[in-house]
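Chemist: Each residue of the sequence shown is one higher than the last, beginning at 13 in my numbering.
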Amino acid sequence: MNDSPGWATPGSSPSDGERPGTPAEQPPAQPADAPKWSAEQPPPGQWQSPAPGQNPPPQPQQPQPGPGWGAYGGQYGHPGGPGQWGPPPAAKPGVIPLRPLSVGEILDGAVATMRAHWRSVLPITLVVATVVEVVSMLIQKYALEDLMLSMDRGNITPEQLISSLGGTFSVTAAAWFLQFIGTIIVTAMLTMIFSKAVLGQHSSISGAWRDARPQLLRLAGLTLLMAVGAILLFAVLLVPALLARSIGLAALAGFVCIGLFIWLGIKLILASPALMLERGTVFKSFARSSKLVNGSWWRIFGITALTWIIVAIFGAIILFPLQMIGFSVFGGGLGSMQDPAAALAWGPLILTAIGTIIAQAVVMPIQSGVTVLLYVDQRIRREGLDLELARAAGVENYGG
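1. In three-state DSSP terms, what is residue 408?
2. Rounded to a whole number of angstroms, what is the C-alpha to C-alpha distance between residue 229 and residue 105?
3. Helix, strand or coil for residue 413, going by three-state DSSP, please let me know.
4. Taking only runs that begin and end inside the segment 243-302, name each unbroken alpha helix (DSSP H) of 4 or more residues, in chain order.
5. So what does DSSP say about residue 391, is it helix, strand or coil?
6. Below 8 Å, how does it come out for the segment 110-122 and the segment 380-391: are there three or more Cβ pairs, yes or no?
7. Around the C-beta of residue 118, are 16 or more other C-beta atoms found within 10 angstroms, so that it is buried, or is it exposed?
8. If you draw a straight line from the alpha carbon of residue 293 to that of residue 235, how long is it in whole angstroms?
9. With a 10 Å radius around its C-beta and 16 neighbouring C-beta atoms as the bar for buried, classify residue 112 as buried or exposed.
10. Just confirm the distance between the C-beta atoms of residue 147 and residue 197, as a whole number of angstroms; I'd bet it's less than 8 Å.
11. Can you tell which of 389, 115 and 154 has the C-alpha that lies nearest to the C-alpha of residue 358?
12. Pick helix, strand or coil for residue 72, following the three-state DSSP scheme.
13. Quick one: using the 10 Å Cβ neighbour count with 16 as the cut-off for buried, is residue 407 buried or exposed?
14. Below 7 Å between beta carbons: does that hold for residue 142 and residue 281?
15. On the DSSP letters alone, give me the boundaries of the alpha helix (DSSP H) that residue 225 sits inside.
16. Just to confirm before moving on: does the CB-CB distance between residue 363 and residue 337 stay below 7 Å?
17. I'd like to know if the segment 321-334 and the segment 282-289 are in contact, where contact means that at least 3 CB-CB pairs between them fall below 8 Å.
18. Judging by CA-CA distance, which residue of 254, 256 and 279 is the nearest neighbour of residue 303?
19. So what does DSSP say about residue 50, is it helix, strand or coil?
20. Measure the Cβ-Cβ separation of residue 217 and residue 187 and say whether it is below 7 Å.
21. By DSSP, does residue 105 sit in helix, in strand, or in coil?
22. So residue 210 and residue 108 are in contact, right, with Cβ under 8 Å, and what is the actual spacing, rounded?
23. Have a look at residue 312 and residue 283 and give me their C-alpha separation to the nearest angstrom.
24. Compute the Euclidean distance between the alpha carbons of residue 275 and residue 342, then round it to the nearest angstrom.
25. Rounded to whole angstroms, what's the CA-CA distance from residue 400 to residue 299? Just pull it up for me.
26. List the whole-angstrom C-beta distance separating residue 202 from residue 133, where the pair is believed to meet the contact cut-off of C-beta under 8 Å.
27. Have a look at residue 330 and residue 182 and give me their C-alpha separation to the nearest angstrom.
28. So residue 137 and residue 373 are in contact, right, with Cβ under 8 Å, and what is the actual spacing, rounded?
29. Reducing DSSP to helix, strand and coil, say where residue 112 ends up.
30. Might you give, ordered along the chain, the residues of its own chain that have their beta carbon closer than 6 Å to the beta carbon of residue 192, omitting 5 neighbours on each side?
31. Report the rounded CA-to-CA distance for residue 238 versus residue 285, giving the unit in angstroms.
32. If you run the structure through DSSP and keep just helix, strand and coil, what is residue 237?
33. Please report the residue range of the alpha helix (DSSP H) in which residue 152 lies.
34. Using a 10 Å radius around the Cβ and a threshold of 16 neighbouring Cβ atoms, would you call residue 84 buried or exposed?
35. Nearest to residue 231 by CA position, among 273, 296 and 378, is which residue?
36. Short of 7 Å in beta carbon distance, which residues of its chain neighbour residue 389, apart from the five on each side in sequence? Order them along the chain.
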């Protein structure tokens with residue numbers, strides 16, 4: 013086990029159906045009609061052998077199973093009855109049960125972590141979102157407003173227009189860089205918080221920073237490499253079509269580009285938690301994500317798309333009313349929402365920034381949590397990570 017909290021060092025994945033810790037020799041297979049008994053038998057004191065020549069004591073009659081029957085404490089089916097045998101309920105030391113997860117359990121685990129660890133989660137997202145939005149608001153107010161005023165003047169020279177565009181691009185690039193840094197910090201720290209929440213452990217802000225700090229540069233490199241790859245993908249496919257001045261070819265190239273972008277995005281979506289929790293290199297994390305996603309692409313795509321839809325609706329519910337209030341009270345009415353000049357007034361800018369901060373403070377933890385739990389779920393399904401997590405959480409006799 014490495015020094016990351018609660019995670020096994022990834023090695024060669026066991027073949028399908030294997031679990032770590034399985035003995036080399038398996039007992040011979042039983043006939044199909046043989047009864048399947050629980051591994052946990054009653055204590056020896058409850059079993060009595062009849063004396064010689066003495067009839068065995070009569071056994072109490074078992075109640076007949078009915079609908080929803082669960083025998084022996086409600087965990088197992090009645091032997092010989094219509095109820096089926098099943099495994100005992102999975103251990104749940106933290107926000108998720110230690111077994112393959114359903115879609116609802118992944119989403120519920122992300123929300124449950126926010127509720128249980130809000131003292132660590134919300135300050136991180138609020139601080140980063142506030143800094144980024146304040147800088148973006150100031151850029152929109154001054155840089156973009158100056159650019160619009162310069163373009164409205166009919167006597168502006170090309171040199172003045174180029175200078176104004178250059179200044180606007182510079183401050184916008186600075187805002188993008190600040191947002192990039194903030195996203196890296198939030199992703200890294202939330203990943204560590206969610207990893208401990210799976211084990212039922214609490215994380216402080218300082219502890220999450222201490223755990224995440226060694227991998228920040230690698231996470232920044234991974235994120236930057238993915239962004240550059242996306243730009244190159246668009247350039248390679250779209251530039252030839254645009255140079256050919258063919259609308260049909262450009263549309264086809266656009267569809268192909270979007271499809272490849274989505275496919276690669278899902279293929280590499282688990283690279284970030286793999287990098288943070290396994291403490292590998294950037295390219296090894298890409299390989300790990302591809303290996304974990306292999307065979308489950310559509311499932312992970314569906315869960316990711318559902319998460320994006322949920323957070324988009326939630327963000328719109330928070331942001332849109334504040335925008336309408338800002339334009340109604342400070343921007344000259346709802347009709348001014350289409351006016352770029354009205355959007356740069358202080359009232360709409362401030363209310364929009366407040367709505368964005370509130371939305372991001374909730375959206376970012378949900379997105380990060382779903383990604384981390386998808387990673388955990390795939391490793392449980394493929395590599396038996398639940399056994400390692402149970403040991404790390406101190407669950408006794410798990411997997412026996």
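Positions of the beta carbon are idealized from the N, C-alpha and C atoms, including for glycine.
Modeler: Let me lay it out:
1. Sequence index remark: in the sequence shown, residue 408 carries index 396 (1-based). Residue 408: coil per DSSP, three-state reduction.
2. One-based indexing of the sequence shown puts residue 229 at position 217. One-based indexing of the sequence shown puts residue 105 at position 93. Each residue's Cα considered, the two are about 32 Å apart.
3. Within the shown structure, residues of the chain are numbered from 13 to 412, placing residue 413 beyond reach of any answer.
4. 259-279 and 283-290
5. As a first step, residue 391 must be located in the sequence shown, where it is residue number 379. Looking at residue 391 - three-state DSSP - the assignment turns out to be helix.
6. yes
7. Here residue 118 refers to the residue found at position 106 when the sequence shown is read from its first residue. Looking at its Cβ environment, which holds 16 or more other Cβ atoms inside 10 Å, residue 118 is buried.
8. Translated into the one-based positions of the sequence shown, residue 293 becomes position 281. Translated into the one-based positions of the sequence shown, residue 235 becomes position 223. If you take the alpha carbons of residue 293 and residue 235, they lie about 13 Å apart.
9. Position 100 of the sequence shown, counting from 1, holds the residue named residue 112. Its Cβ having fewer than 16 others within 10 Å, residue 112 is exposed.
10. Counting from one through the sequence shown, the residue named residue 147 turns up at place 135. Counting from one through the sequence shown, the residue named residue 197 turns up at place 185. That pair is no contact at about 15 Å.
11. On the sequence shown, position 346 is the one that residue 358 refers to. Selected option, being the one with the closest Cα: 154.
12. Counting from 1 along the sequence shown, the entry for residue 72 is found at position 60. Caution is warranted here: a pLDDT of 49 is assigned to residue 72, below 50, making its placement in the model unreliable, and the coordinate value is therefore given only provisionally. Of the three classes helix, strand and coil, the one that applies to residue 72 here is coil, per DSSP.
13. In the sequence shown, counting from the first residue as 1, residue 407 sits at position 395. The residue is buried, with at least 16 neighbouring Cβ atoms inside 10 Å.
14. As a first step, residue 142 must be located in the sequence shown, where it is residue number 130. As a first step, residue 281 must be located in the sequence shown, where it is residue number 269. For residue 142 and residue 281, no; Cβs fall outside 7 Å.
15. On the sequence shown, residue 225 is found 213 positions in, with the first residue counted as 1. No alpha helix (DSSP H) contains residue 225, which DSSP labels as neither H nor E.
16. Reading the sequence shown from its first residue, position 351 is the one you call residue 363. Reading the sequence shown from its first residue, position 325 is the one you call residue 337. Yes, these two residues count as a Cβ contact at 7 Å.
17. no
18. Here residue 303 refers to the residue found at position 291 of the sequence shown. Answer by Cα proximity: 279.
19. Counted from its first residue, the sequence shown places residue 50 at position 38. Reliability of the predicted coordinates at residue 50 is poor, the pLDDT of 41 falling under 50, and the value obtained from them is presented with this limitation in mind. Residue 50: coil per DSSP, three-state reduction.
20. To locate residue 217, count along the sequence shown from 1; it is residue 205. To locate residue 187, count along the sequence shown from 1; it is residue 175. Not in contact: residue 217 and residue 187 (Cβ atoms no closer than 7 Å).
21. The residue given as residue 105 occupies position 93 in the sequence shown. Residue 105: coil per DSSP, three-state reduction.
22. For this step, residue 210 is matched to residue 198 along the sequence shown. For this step, residue 108 is matched to residue 96 along the sequence shown. Right, the Cβ-Cβ distance comes to about 6 Å (below 8 Å), so this counts as a contact.
23. For this step, residue 312 is matched to residue 300 along the sequence shown. For this step, residue 283 is matched to residue 271 along the sequence shown. So the two alpha carbons sit approximately 13 Å from each other.
24. The residue labelled residue 275 in the question sits at position 263 within the sequence shown. The residue labelled residue 342 in the question sits at position 330 within the sequence shown. Approximately 44 Å between the Cα atoms of the pair.
25. Sequence index remark: in the sequence shown, residue 400 carries index 388 (1-based). Sequence index remark: in the sequence shown, residue 299 carries index 287 (1-based). Going by the C-alpha atoms only, they are around 22 Å apart.
26. Residue 202 sits at position 190 when you count from the first residue of the sequence shown. Residue 133 sits at position 121 when you count from the first residue of the sequence shown. Indeed, because the Cβ distance is near 7 Å, the residues count as touching under 8 Å.
27. Position 318 of the sequence shown holds residue 330. Position 170 of the sequence shown holds residue 182. Rounded to the nearest angstrom, the two C-alpha atoms are 31 Å apart.
28. As a first step, residue 137 is located in the sequence shown; it is residue number 125 there, counting from the start. As a first step, residue 373 is located in the sequence shown; it is residue number 361 there, counting from the start. 4 Å between Cβ atoms; contact.
29. Residue 112 sits at position 100 when you count from the first residue of the sequence shown. In this structure, residue 112 counts as coil in the three-state DSSP scheme.
30. To locate residue 192, count along the sequence shown from 1; it is residue 180. There are no such residues.
31. As a position in the sequence shown, residue 238 is number 226, starting the count at 1. As a position in the sequence shown, residue 285 is number 273, starting the count at 1. Using only the alpha carbons, I get a separation of about 15 Å.
32. Counting from 1 along the sequence shown, the entry for residue 237 is found at position 225. Helix.
33. Here residue 152 is taken as the residue at index 140 of the sequence shown, counted from 1. Note, residue 152: premise wrong, no alpha helix (DSSP H); not H, not E.
34. The count along the sequence shown starts at 1 and reaches residue 84 at position 72. At residue 84, the pLDDT of 34 sits below 50, so the modelled position is not reliable and the matter cannot be decided from this model.
35. As a first step, residue 231 must be located in the sequence shown, where it is residue number 219. For residue 231, the nearest C-alpha among the options comes from 296.
36. Your numbering for residue 389 matches position 377 in the sequence shown. The answer, listed in chain order, is 112, 113 and 118.
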